[in-house]
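Every position in the sequence shown, counted from 1, becomes a number in this note's numbering once 988 is added. For each residue, glycine too, the CB sits at the ideal point set by N, CA and C. One structure below.
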Amino acid sequence: MTGRQGPALSRRSLIGAGLGISAAGLTAAGTGQALAAGSAGTRPSSGPARGRAFLTAAMDAYPDHGRIRLTQSYTDQAGLFSTAFTYDNALAILAHLAARTPAGLTRAKALGDALLYAQEHDPAHDDGRLRQAYNTGPYTFYDGSLQPDGFVRADGTANVGTQFGFTGTAVGDMAWAGIALSALARRTGARRFLTGAVRIGEWIERTGRTDEPLGGYKFGVDGANQKLPFTSTEHNTDLVCLFGRLALLTGDRVWRERQARAEAFVKRMWEPSGGFFYTGTNDGVTVNKSPIPEDTQTWTHLALDSRRHSRSLDWAAAELAVLDHSGRTNSTVPAGQSYEGVTFSSASLLANEGAPIADGQPRPDRNGVWFEGTAHLALALRDRGARGDEARARGLLASIEQAQDLLGGTQTVGGRELPERAGVVSASSPLDTGFGFGYYPYRHTGATAWYLMAAARFNPLQA
989 MTGRQGPALS
999 RRSLIGAGLG
1009 ISAAGLTAAG
1019 TGQALAAGSA
1029 GTRPSSGPAR
1039 GRAFLTAAMD
1049 AYPDHGRIRL
1059 TQSYTDQAGL
1069 FSTAFTYDNA
1079 LAILAHLAAR
1089 TPAGLTRAKA
1099 LGDALLYAQE
1109 HDPAHDDGRL
1119 RQAYNTGPYT
1129 FYDGSLQPDG
1139 FVRADGTANV
1149 GTQFGFTGTA
1159 VGDMAWAGIA
1169 LSALARRTGA
1179 RRFLTGAVRI
1189 GEWIERTGRT
1199 DEPLGGYKFG
1209 VDGANQKLPF
1219 TSTEHNTDLV
1229 CLFGRLALLT
1239 GDRVWRERQA
1249 RAEAFVKRMW
1259 EPSGGFFYTG
1269 TNDGVTVNKS
1279 PIPEDTQTWT
1289 HLALDSRRHS
1299 RSLDWAAAEL
1309 AVLDHSGRTN
1319 STVPAGQSYE
1329 GVTFSSASLL
1339 ANEGAPIADG
1349 QPRPDRNGVW
1359 FEGTAHLALA
1369 LRDRGARGDE
1379 ARARGLLASI
1389 EQAQDLLGGT
1399 QTVGGRELPE
1409 RAGVVSASSP
1419 LDTGFGFGYY
1429 PYRHTGATAW
1439 YLMAAARFNP
1449 LQA
């Protein structure tokens, strides 16, 4: 989960202006339209096949609004309408590449070209940046105002997610987009993808590099283009991969220096006595020791491949483990079902179950399973390959596959019915991340993409 550092900022609560919005009673524009071609009546047998069917449906939900398009991040019921987060679309590219099929490559290239279009047709900037999110189809906002365009607006600019305030640019989101574009460059040999990834890397170097005592690269900018003061372990982990990829693909040694800078920051966040990584720093001087998130434990392994630091996987698997079922406080899991996995952070386990996560949102379940994180833990365990890791990973994947089968039924994308039992919800029950936002049982591009990569043993952070 990129784009967040410190309790008040997140990719979901946005870089600039957060909104707590209830999804109750909301429908996306076009509800009741005919089913998307190929999305109904199909019954893929395997879990990965159904996951890919969800990504296809979420990418093709607005066929009347242009060939250049992104993948909608959440089902309509989440209340974010056609929002397509940059991070989720980077993951979708990587999941399509993980399939290693001609159809997957075609979709990955189409999404990569859409990110390049956004980079080249920003309504205000021409410096290589991407925004936190875009709109990929029309909808009517809560105040009754119409958002009529697809991803490409009538004037040719990329349709930035202004109504939700998703207009800032986080280093982590940029890094993941660069990782996806560099993967496309490596797979296809197409120069345009490498050019886009280099532009991203240069924007990060110009905007994020800091000479503060803890070093590394800072968070990014808000919607007003003001630099944010935080430095994230997660973001710098992403940069270890991106800068390493750029070094290999360009042959320019400057990327190795930048990679070393990001890696040094990550390793400064290591807590050897506990065997885990802290989340980062709010001021560049003092380590932020709480909350401790899951992704800084799993992504660090995938990017660093360091035996010394691989204990972080054991910390996450033990200290963030949850088991959700209908008997849990505020659980929304149907009777007779249970799900195992990990939650988002140490703060999630201490959430106030008597108060809503945000205005208009439900109360949290401390034992809600975060399926996106559960998937990258499964992948990291498979990658490490220590005794018992594969069995543990298979158990986590089985939980995710059960969630795909049984949770989030009847949800839609762009008003269109999804393929049966396709797509993984972001959480088994509402959970409070401890970073100012929550996750809910809505089918999600990001969670589905991480599941597909874990099932395929595809490490997206390997330089």
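Look at residue i and residue j and say whether their C-beta atoms are less than 8 Å apart.
i            : j            : result
residue 1425 : residue 1346 : yes
residue 1366 : residue 1233 : no
residue 1269 : residue 1284 : no
residue 1241 : residue 1231 : no
residue 1436 : residue 1039 : yes
residue 1351 : residue 1369 : no
residue 1116 : residue 1191 : yes
residue 1416 : residue 1321 : yes
residue 1062 : residue 1432 : yes
residue 1162 : residue 1134 : no
residue 1344 : residue 1272 : no
residue 1257 : residue 1221 : yes
residue 1396 : residue 1376 : no
residue 1265 : residue 1238 : no
residue 1243 : residue 1235 : yes
residue 1408 : residue 1332 : no
residue 1278 : residue 1334 : yes
residue 1337 : residue 1326 : no
residue 1110 : residue 1056 : no
residue 1064 : residue 1434 : no
residue 1083 : residue 1043 : yes
residue 1387 : residue 1362 : yes
Assign residue i to one of three DSSP states: helix, strand, or coil.
i            : result
residue 1219 : strand
residue 1400 : strand
residue 1189 : helix
residue 1302 : helix
residue 1311 : strand
residue 1006 : Here the model assigns residue 1006 a pLDDT of 30, short of 50, so the residue's position is not dependable and the matter cannot be decided.
residue 1039 : helix
residue 1252 : helix
residue 1286 : helix
residue 1072 : strand
residue 1176 : helix
residue 1268 : strand
residue 1273 : coil
residue 1245 : helix
residue 1184 : helix
residue 1262 : coil
residue 1211 : coil
residue 1197 : strand
residue 1022 : Any answer about residue 1022 is weak, because its pLDDT of 28 lies below 50 and its placement is not dependable; what the coordinates show is given next. Three-state DSSP puts residue 1022 in coil, outside helix and strand.
Of all the options the options, which has the alpha carbon lying nearest to the alpha carbon of residue i?
i            : options                   : result
residue 1150 : 1317, 1160 and 1139       : 1139
residue 1261 : 1252, 1299, 1225 and 1295 : 1299
residue 1037 : 1358, 1066, 1072 and 1089 : 1089
residue 1096 : 1263, 1235, 1167 and 1229 : 1167
residue 1185 : 1199, 1159, 1203 and 1291 : 1159
residue 1034 : 1214, 1447, 1443 and 1129 : 1443
residue 1301 : 1373, 1180 and 1203       : 1373
residue 1276 : 1294, 1296, 1291 and 1254 : 1254
residue 1143 : 1440, 1112, 1120 and 1392 : 1112
residue 1384 : 1295, 1398 and 1440       : 1440
residue 1182 : 1212, 1193, 1363 and 1103 : 1103
residue 1293 : 1449, 1259 and 1084       : 1449
residue 1389 : 1259, 1359, 1323 and 1217 : 1359
residue 1295 : 1323, 1263 and 1309       : 1263
residue 1066 : 1438, 1447 and 1398       : 1398
residue 1052 : 1086, 1308, 1137 and 1342 : 1137
residue 1175 : 1086, 1229 and 1141       : 1086
Can you give the beta carbon distance from residue i to residue j, rounded, assuming they're within the 8 Å contact cut?
i            : j            : result
residue 1046 : residue 1059 : 5 Å
residue 1316 : residue 1355 : 5 Å
residue 1156 : residue 1196 : The Cβ separation is near 13 Å, so there is no contact.
residue 1049 : residue 1125 : 6 Å
residue 1171 : residue 1205 : About 21 Å separates the two Cβ atoms, so there is no contact after all.
residue 1427 : residue 1419 : 5 Å
residue 1318 : residue 1353 : 4 Å
residue 1226 : residue 1164 : 6 Å
residue 1402 : residue 1070 : 7 Å
residue 1357 : residue 1378 : The pair is not a contact, with the Cβ atoms about 20 Å apart (cut-off 8 Å).
residue 1122 : residue 1106 : 6 Å
residue 1305 : residue 1228 : Actually they are not in contact, since the Cβ atoms of residue 1305 and residue 1228 sit about 22 Å apart, beyond 8 Å.
Would you say the beta carbon of residue i comes nearer than 7 Å to a heavy atom of the ligand GDP?
i            : result
residue 1404 : Of the ligands one can find in the structure shown there are none, so the ligand GDP has no counterpart to examine.
### Query
Which runs of the beta strand (DSSP E) spanning at least 3 residues fall entirely within the stretch 1382-1446, listed in chain order?
Segments of the beta strand (DSSP E) lying fully in the stretch 1382-1446: there are none.
#### Entry: Entirely enclosed alpha helix (DSSP H) segments - the stretch 1074-1100, minimum 4 residues
1074-1087
### Task
Starting from the N-terminal side, write out each stretch of the alpha helix (DSSP H) that is 4 residues or longer and does not extend beyond the stretch 1320-1394.
1359-1372 and 1377-1394
### Message
To test your reading of the DSSP string, which unbroken alpha helix (DSSP H) runs of 4 or more residues are found completely within the stretch 1090-1174?
### Response
1090-1108
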